[in-house]
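A.B. asks:
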Amino acid sequence: MNRFLDLADFSRDEVKDLLGLAARLQSHPDPQALAGKVLGLLFLNPSLRTLASFQSGMMRLGGSVFVVTPGQGTWQLETRNGAVMNGAAAEHVREAVPVLASYCDAIGIRMFAEGKNLEADMTETQFKMMADLCNKPLVNMESAMNHPCQALADWYTMDELKVPERGKFVLSWVNHPRALPLAVPSATVHMAALRGMEVVVLRPEGYALPAPIMEKARQAAVSSGGSLRETTDRGEALAGAHVIYAKEWGSPLHYGNSEAEAKLRGNLGDWCVTDSWFKTAAPGSHFMHCLPVRRNVAVADEVLDGPRSVVVREAYNRMVVQMAVLYKMFRSNSGQSRGRRS
Amino acid sequence: MNRFLDLADFSRDEVKDLLGLAARLQSHPDPQALAGKVLGLLFLNPSLRTLASFQSGMMRLGGSVFVVTPGQGTWQLETRNGAVMNGAAAEHVREAVPVLASYCDAIGIRMFAEGKNLEADMTETQFKMMADLCNKPLVNMESAMNHPCQALADWYTMDELKVPERGKFVLSWVNHPRALPLAVPSATVHMAALRGMEVVVLRPEGYALPAPIMEKARQAAVSSGGSLRETTDRGEALAGAHVIYAKEWGSPLHYGNSEAEAKLRGNLGDWCVTDSWFKTAAPGSHFMHCLPVRRNVAVADEVLDGPRSVVVREAYNRMVVQMAVLYKMFRSNSGQSRGRRS
Amino acid sequence: MNRFLDLADFSRDEVKDLLGLAARLQSHPDPQALAGKVLGLLFLNPSLRTLASFQSGMMRLGGSVFVVTPGQGTWQLETRNGAVMNGAAAEHVREAVPVLASYCDAIGIRMFAEGKNLEADMTETQFKMMADLCNKPLVNMESAMNHPCQALADWYTMDELKVPERGKFVLSWVNHPRALPLAVPSATVHMAALRGMEVVVLRPEGYALPAPIMEKARQAAVSSGGSLRETTDRGEALAGAHVIYAKEWGSPLHYGNSEAEAKLRGNLGDWCVTDSWFKTAAPGSHFMHCLPVRRNVAVADEVLDGPRSVVVREAYNRMVVQMAVLYKMFRSNSGQSRGRRS
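Residue numbers (my numbering), protein chains in the order written: chain E, -18 to 323; chain U, -18 to 323; chain Z, -18 to 323.
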């Protein structure tokens, strides 16, 4: 495995193998597996779980990590091709990324959506540019439209919790003070579909996920025996749910237009998950969220502090599954990564 | 040892054992003792010595470290219970702390006093909340009213310098452009009392330490055969001193009121330690300070650059004693720290 | 080797030995060479390559690293002697540097020119102060007038590329939105001269390097059988060049006067390297730059993206040669670095 960019690059069986490797490494640690290996992490956007879990996971496998955060001890990076660089950015990613890649045996990059042009973000213009600049194994630590490590951790978590593979998985839009990217909802809906679940996207008018995202998830559902639909009917959606997975995202109708988006969102204050959302859920249902979460805006304290919430376990499992990704990436590339940069 | 939060949680003999362990690790390094272990450091306030010495100490024992600094690559954290999080903070410590704790085998947290309400800070409301959120071994890297690692390093330093256990220890208030927290003076006065010293708190009118802090130190003095008193009389205080330990702190009378505090402090510019302060001190007396220190505001160059100053040694000993704390913490928890987060 | 501060501190043969060690470590990694050793990195200025390459290089030799960045999680440091510290800086380097040095076995410091007074910067007043405060092996990670790690990497790169030792090396001034320090041009011109090359400094009127810098390089040229001259005649300079090494620097005539400097620079927009600069160059000529570089201000995309550019290789070689520096520094100091700070 040379790149971990999108769960959709892997078959259902390959994902299950990866989850199996994660479970094996969790029960039988291999603390010298990646001794002598160096992982570089490039954060173009802030992070808490990703920053800590990739470091901890790499170190638990005996490897080493360095972190570079433009704007925090490192200057801003330019990403536009052909730019005349007489502004704030002191260095172009066309230099910075190959240079950083040359120092490490694998690299992780986090680069959120620009949030201006939906088409550009949908095609992952920026992240693909970064990937093309790397000649080393690469992990997507969240891009404009994807977050495969989160998706993998969530799948692992549902397996741990014995959530039925044919269970009902409700991805529900929830409120937030700003329009957030589509990366997590896109990755989540695909992951649940690929797991073979009955996936329902619950969202208010104006918040339908873009058609290509839904179509990609639908194909995964077909291949796995699951299903996918969307609705604005909260009652219908939540009835019998095994999982309510809350996520904030900006309206694709007003992409890049924060004023119009805020106006549309103005009346949606009741899209904050409370215990009452679980009244008609399946017995033993779970609340999931990728974090960070705005308490009492997106989700009420009573849910996060209650027995249904598994958000800390999901976050912990980020480390667990990323160890498997790193292990597989380094082990399948051994012998190549030490040599001179060509 | 599962928690290192307050020197007062340990008996005098237990502290001495810990100092003995520090001395042993210093003379006989154990560079693989904590191999495979991960320490997480969460800094809600800036740091230099703590940041560097915890990393270096952990690495010298063969372990690994990750650092998370909200506001520096990581978003701001909310700490208020029940908050409706529609402001700047993107994540609540109720999620962030358990998540970070789940990635490591032990965690250190630095969280200064809020500086608004003396009662709340005195009861360590905030730090206790953080501690309650951790199910892993926890080190206090400075809280509202405590700094046990500093206290331990200072004790170790006095032992190294053969400062008599019954020697005269003068904690003197010194000037600073702002009202600083009470953490170090509180920890220091208790430490010196527990060591059995003749402790004198020298401070101007309005800067008496809160009664519960003095009472806690007094009890330690009683148990150890030492004594504690306070005075505004510099001459009487400094006569025969073995140690002059300078520290800046805000007036408890004007806690949270920076204007009134600044007014009270306005005439106190001569509370800056000079060589003349040592005229009547004991032969071979020492100048101590926890650092950082404002030169020529709190202490004159002539003292810091002179032979009496042991401030760099105190700082170095932070690493030495913290290695003992980490060693004891991990070794007494071995077997538990690798398993799945429960 | 206790200090790596200036390539001029080493003879040509000593430099060649160091480059040989770098090549040996590159082809025969020694991943446990520095096990148990701790490198501290203090960045008073931003960094990308230096930050990542020192970490990665140290870790590839089995060692550990901590990073301290004043203003980023750590407070600002005061550097003025005798300062009354009632301003923004909370700590003086007179405390901070010895303390950080006490935590590590070697330390790297980056501290750019102040850019106010040419004399003060020329004599490295600030960096020498820092060096005097360290009792541990010290690496210059870029000072006011030097960048020995960059110089060493560039020499190594030219050896790899089989650039003739007597080849023509053109250091050309190029445009930049701000007046940059003289560290890299000073180090580069000396390095190329010490390598024995025909060195030409090409720069517009007003951008001649200070006489002592030229004189230092000229002495190196004499000792190595090379030569050094300067010119404003681009055609004459570039004809037959084996290497065009571009670098931005501020006019020494208007040092510390950004307005006057900007005015002088106003008409120099064509000092941006394009493919046409290579028309009369030697066959197989190379474009070099230390990075970061402003695309289409200092150098055109066509050059950086073309076959002549070796900028990423230069950057990669930073890690390679620094591993040799660290190796030599630690190995020649073994037995001393573990003991108690004296």
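All C-beta atoms, glycine included, are put in the ideal place defined by N, C-alpha and C.
This one's a predicted model, so the numbers in the text were calculated from it and none came from an experiment.
Contact criterion: CB-CB distance below 8 angstroms. Does U/D282 meet it with respect to chain Z?
C.D. replies: For U/D282, the nearest beta carbon of chain Z is closer than 8 angstroms to its own beta carbon.
A.B. asks: Just by C-beta distance, which residues in the region 80 to 114 of chain E are closer than 8 angstroms to chain Z?
C.D. replies: Taking 8 angstroms as the Cβ-Cβ cut-off against chain Z, the residues of the region 80 to 114 of chain E that qualify are V80, L81, S83, Y84, C85.
A.B. asks: Taking the C-alpha atoms as reference points, what is the distance between Z/R319 and U/R184?
C.D. replies: Caution applies to Z/R319, whose pLDDT of 37 falls short of 50 and renders its modelled position unreliable; the value that the coordinates give is listed next. Each residue's Cα considered, the two are about 40 angstroms apart.
A.B. asks: Rounded to a whole number of angstroms, what is the C-alpha to C-alpha distance between U/M103 and U/H223?
C.D. replies: 30 angstroms
A.B. asks: Quick one: which chain E residues come within Cβ less than 8 angstroms of Z/F24?
C.D. replies: G54
A.B. asks: Which of helix, strand or coil does DSSP assign to E/D(-2)?
C.D. replies: helix
A.B. asks: Cutting at 7 angstroms between CB atoms, please list the residues of its own chain near U/V284, excluding the five before and the five after it.
C.D. replies: Taking C-beta separations shorter than 7 angstroms and ignoring five residues to either side along the sequence, the partners of U/V284 in its chain run V254, T255, D256, F268, S290, following chain order.
A.B. asks: Can you tell me which of U/T138, U/V155, U/H157 puts its alpha carbon nearest to the alpha carbon of U/R176?
C.D. replies: U/T138
A.B. asks: In or out: E/M76 buried (at least 16 other Cβ within 10 Å) or exposed?
C.D. replies: Correcting the residue identity first, residue 76 of chain E is Glu in this sequence and not Met. That one is buried.
A.B. asks: In chain U, what lies closer than 8 angstroms to Z/N67 by C-beta?
C.D. replies: P158, R275, V278
A.B. asks: Who are E/F150's beta bridge partners in DSSP?
C.D. replies: Paired residue(s): E/V180, E/V224.
A.B. asks: For E/P193, which residues in the same chain have their Cβ closer than 8 angstroms to its Cβ, ignoring the five residues on either side in sequence?
C.D. replies: M103
A.B. asks: Which residues, in chain order, does the region 286 to 318 of chain E contribute to contact with chain U at a C-beta distance below 8 angstroms?
C.D. replies: D286, V292, V293, R294, A296, Y297, M300
A.B. asks: Would you call the region 293 to 304 of chain U and the region 77 to 86 of chain Z in contact, with 3 or more CB pairs under 8 angstroms?
C.D. replies: A contact exists between the region 293 to 304 of chain U and the region 77 to 86 of chain Z.
A.B. asks: State the DSSP-derived secondary structure class of E/R(-16), mapped to helix, strand or coil.
C.D. replies: Note: E/R(-16) maps to strand in three-state DSSP.
A.B. asks: If you drop the 5 nearest sequence neighbours on each side, which residues of the same chain put their C-beta closer than 6 angstroms to that of E/H270?
C.D. replies: The beta carbon of E/H270 sits closer than 6 angstroms to those of A227, V292, all from its chain and outside the five residues before and after it, given in chain order.
A.B. asks: Using the rule of at least 16 other Cβ atoms within 10 Å of the residue's Cβ for burial, across every protein chain shown, is U/V78 buried or exposed?
C.D. replies: buried
A.B. asks: Can you grab the Cα-Cα spacing for the pair U/L(-12) / Z/P191, in whole Å?
C.D. replies: 58 angstroms
A.B. asks: So, using beta-carbon positions, are E/F150 and E/E179 closer together than 8 angstroms?
C.D. replies: yes
A.B. asks: Taking only the alpha-carbon atoms, compute the straight-line gap between Z/L328 and Z/P145 and give it to the nearest angstrom.
C.D. replies: Residue 328 of chain Z lies beyond the residue range present for chain Z, which begins at -18 and ends at 323; the question has no answer from this structure.
A.B. asks: Please list the terminal residues of the continuous alpha helix (DSSP H) segment that includes E/F35.
C.D. replies: 30 to 41
A.B. asks: Quick one: using the 10 Å Cβ neighbour count with 16 as the cut-off for buried, is Z/E59 buried or exposed?
C.D. replies: buried
A.B. asks: Confirm, please, whether the CB-CB distance from E/P129 to E/F(-15) is below 8 angstroms.
C.D. replies: yes
A.B. asks: Quick check: the Cα distance between U/Q7 and U/M(-18), rounded to an integer number of angstroms?
C.D. replies: 20 angstroms
A.B. asks: Residues of chain Z with CB closer than 7 angstroms to the CB of U/A326, please, in chain order.
C.D. replies: Nothing about residue 326 of chain U can be read from this structure; chain U reaches only from -18 to 323.
A.B. asks: Please list the partners that Z/A14 has in chain U, where partner means a Cβ-to-Cβ separation under 7 angstroms.
C.D. replies: Listed along chain U is no residue with a C-beta nearer than 7 angstroms to that of Z/A14; the closest approach is about 14 angstroms.
A.B. asks: Secondary structure at E/V170, three-state DSSP: helix, strand or coil?
C.D. replies: helix
A.B. asks: Would you mind sorting U/Q13 into buried or exposed? The rule is 16 or more other CB atoms within 10 Å of its CB.
C.D. replies: exposed
A.B. asks: Can you have a look at E/G316 and say buried or exposed, based on whether 16 or more other CB atoms are within 10 angstroms of its CB?
C.D. replies: Note that E/G316 has pLDDT 44, beneath the 50 cutoff, so the model's placement of it is unreliable and the number below is only indicative. Flag for E/G316 reads exposed.
A.B. asks: Under 8 angstroms, Cβ to Cβ, is there at least one residue of chain U near Z/G38?
C.D. replies: no
A.B. asks: Locate the alpha helix (DSSP H) running through Z/E123, then write down its first and last residues.
C.D. replies: Counting along the chain, Z/E123 falls outside any alpha helix (DSSP H), and DSSP gives it neither H nor E.
A.B. asks: Quick one: which chain Z residues come within Cβ less than 7 angstroms of E/E(-5)?
C.D. replies: Here the premise fails: no neighbours, minimum Cβ distance about 31 angstroms.
A.B. asks: Distance, Cα to Cα, Z/S323 vs Z/C115?
C.D. replies: Any reading at Z/S323 needs caution, since the residue's pLDDT is 34, under 50, leaving its predicted position unreliable; the model's value is listed next. Roughly 12 angstroms separates the two Cα atoms.
A.B. asks: Quick check: E/L(-1) and E/K309, are their CB atoms within less than 8 angstroms of each other?
C.D. replies: yes
A.B. asks: Identify the continuous alpha helix (DSSP H) that holds E/M300 and give its terminal residues.
C.D. replies: 292 to 312
A.B. asks: On the three-pair Cβ rule with 8 angstroms, is the region 117 to 131 of chain Z touching the region 91 to 108 of chain Z?
C.D. replies: yes
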